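Take 358 as the starting number for the sequence shown in the numbering used here and just add one per residue. Everything on this sheet refers to the single structure shown next.
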Amino acid sequence: MNNSQQLEAVAAPPVEPVVKNGLEKYFGKMDPVIFWTTGAIIVAAVIFGIIAPAQFDGMLSRFQKFITGFSWYFILSVAIYLGVCVYVAFSKYGDLKLGKPGEKPQFSYFSWIAMLFSCGVGVGYAFWAVGEPIMHYMNTPYLAEPQTAEAMPVAIQIGVMHWGLHAWAIFALVGLAIAFPAYRMGKPMNVSISLYGLFGDKITGSFFGRFVEFLAAFATVAGVSTALGLGIISINAGIKHIFGTGLDTFGMVVFMIFLIACYILSAVSGIEKGIKNLSNINVYVAFIWGGFILLMGPTNDLLNLMVQTTGSYINNFVYVTFWTDFHDKTPWLGWWTVFYWIWWISWGPFCGGFVARISRGRTIREFILGVALVPTLVALVWFSVVGGAAQYAQINGTAPMAEALKADMGSGIYVLLSSFPGGDIMGWIVFINLLIFLITSADSASFFVAMQMARGSMEPGTMMKLIWGGLIGSLALVLLITGGLQALQKAAIIAGAPFSIIIFMMIFSLLKMLRQAYNEQE
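Structure, rendered in structure tokens:
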């Protein structure tokens, strides 16, 4: 097939491959090879974690130690991913549309942005917007001495870096590589189709294509399970703060079953009815308690801190992007920046694929700037307000933030709120907000993994969503019970590391497809 034939299918709808296997009537469209391989490995991991938790955690530790030994590779890789995004957004390809000429976006800007947050980082913005500014203030790795005035904006800047442009550039890059062949060439929306520019139609159904689908599904399940586990830690801290006692192991099992039921129900409802509406509600609720902290805290100081943090972020951007701690070799880099970069890579297939699913009709420039830049601006405001308020509470002695985080990482936001008048009531709102964020993250992931199992179908079967929603929740629970926060981090690192190589292949594939499309348009 020549270039013009490949690209003249702009108006064609995505192709839904015909599936001929006996399970279709139960699961809908599916690829049995990917389904059974991925499912078997996830189930085996869950069973291993239940039967031999110590050995399971030890295995994760050995893998994690090996992978983080290549910190230079992940630091450099994410810098390259970001550079490619900037180039594509402001290049001649930026005006190309993800869809037919003149096609309008499916969702409004607000709903589109809301779904970005709800599927990607909702829980983390509550969990780490307090945790990182305090922990990096107490132990600042670079640019300032710990526990000084200079360390305050640096600590917040580190949090923004971890949750801002670098992370979202990964999602934008993967999402664009999936969306372009799906909406411009009428291809199925699965992760392997991102390599269409390199392999053409041969990638569909091939061994390597299925291997990519497996990696994507495995990385998504492990990465989102990590986020669910972090969310449960914060939810449990909220229950303990509100009711005076937290959940034991049995309580966490019951809560996870309840949570699984909620997010599967949302995923089954579809994007329009379930995911979009919950995402819109959740953003409004987050504005309420974020605004409460800004108004009840040292408002003027927080705004000053926000401006200075923005300057620090911009001024030190290149330095911190390439910082590898080559001299001191402290554990900080591996447990923070490298962990985040690999975690976001593990989220790349899911967040990228989900963002691709909701972005039809937008230009490439609009897509990249919306996906990468808007969340970064929100992170600057959010971490400055919430994290800055936590820092002032620690410094002024109004709340023992460092002590509280050391005892329970999930308690930070509740301890901060309790230092304000009416903060206990606001703690309930945060609790509900976190619960909905957990639901929207997991339902989006269930929807995405089901899409991959269904050969890129944009509307996977209900049973497929049920199965993968249950597996994601089960793995999160096992990781949480066997090793807590550290086990969650180890699992995300192991799952995400191999996919970093696939993203480099996506870059070459995407640039080739963009060049062909632009030349054909001319």
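The beta carbon of each residue, even a glycine, is placed where N, CA and C say it ideally should be. These numbers come from a predicted model, not from an experiment.
A direct Cα-Cα distance of roughly 31 Å separates residue 549 from residue 690.
Between residue 770 and residue 483, the CB-CB gap stays under 7 Å. If you check the CB distance, residue 799 and residue 640 do not come in under 7 Å. Looking at the backbone, the Cα of residue 812 and that of residue 794 are separated by about 27 Å. Out of 807, 854 and 876, the CA that lies nearest to the CA of residue 389 is found in 807.
Three or more Cβ pairs closer than 8 Å define a contact, and the segment 480 to 496 meets that threshold against the segment 513 to 527. Here residue 392 is buried. Its C-beta has 16 or more other C-beta atoms within 10 Å. Straight across, the Cα-Cα distance linking residue 402 with residue 832 is about 8 Å. For the set 480, 481 and 512, the Cα lying nearest the Cα of residue 495 is the one of 512. Between the alpha carbons of residue 733 and residue 760 lies a gap of roughly 29 Å. Shown here, residue 681 sits in coil according to DSSP, grouped into three states, outside any helix or strand.
Rounded to whole angstroms, residue 601 and residue 655 show a C-alpha spacing of 29 Å. Ranked by how close their Cα comes to the Cα of residue 461, the residues 595, 622, 715 and 663 have 715 in first place. Note on the segment 711 to 786: there is no whole beta strand (DSSP E) run with a minimum of 3 residues.
Residue 698 sits buried, since 16 or more C-beta atoms from the chains shown fall within 10 Å of its C-beta. In this structure residue 825 is buried. Its beta-carbon is surrounded by 16 or more other beta-carbon atoms within 10 angstroms. Boundaries of the alpha helix (DSSP H) harbouring residue 406: 389 to 408, taken from the DSSP string.
According to DSSP, residue 454 shares a beta bridge with 720. Here the alpha carbons of residue 828 and residue 578 stand approximately 8 Å from one another. Secondary structure at residue 547: coil, using DSSP grouped into helix, strand and coil. An exposed status is given to residue 411, since fewer than 16 other beta-carbon atoms sit within 10 Å of its beta-carbon. Straight-line spacing of the CA atoms in residue 669 and residue 854 works out to 30 Å.
Assignment of beta strand (DSSP E) within the segment 462 to 528, counting only whole runs of 3 or more residues, yields no such run. Around the beta carbon of residue 684, fewer than 16 other beta carbons sit within 10 angstroms, so the residue counts as exposed. In the structure shown, residue 427 adopts coil according to DSSP, grouped into three states. In this structure, DSSP gives residue 686 a state outside helix and strand, which the three-state scheme calls coil.
The three-state reading of DSSP puts residue 561 in coil, since its state is none of H, G, I, E or B. Take the alpha-carbon of residue 449 and the one of residue 721: they are about 10 Å apart. Where residue 877 is concerned, the enclosing alpha helix (DSSP H) starts and stops at 856 to 878. Excluding sequence positions up to five before and after residue 678, its CB lies within less than 6 Å of the CB of 436, all in the same chain and listed in chain order.
Rounded to whole angstroms, the separation of the alpha carbons of residue 609 and residue 830 is 11 Å. The straight-line gap separating the alpha-carbon atoms of residue 510 and residue 663 is approximately 8 Å.
Relative to the Cα of residue 763, the nearest Cα in the group 443, 493 and 434 belongs to 493. Just measuring C-alpha positions, the residue of 725, 792, 659 and 801 sitting nearest residue 737 is 659. In this structure, residue 866 keeps its C-beta atom at 7 Å or more from the C-beta atom of residue 622. With respect to residue 863, residue 537 sits apart: the two C-beta atoms are not nearer than 7 Å.
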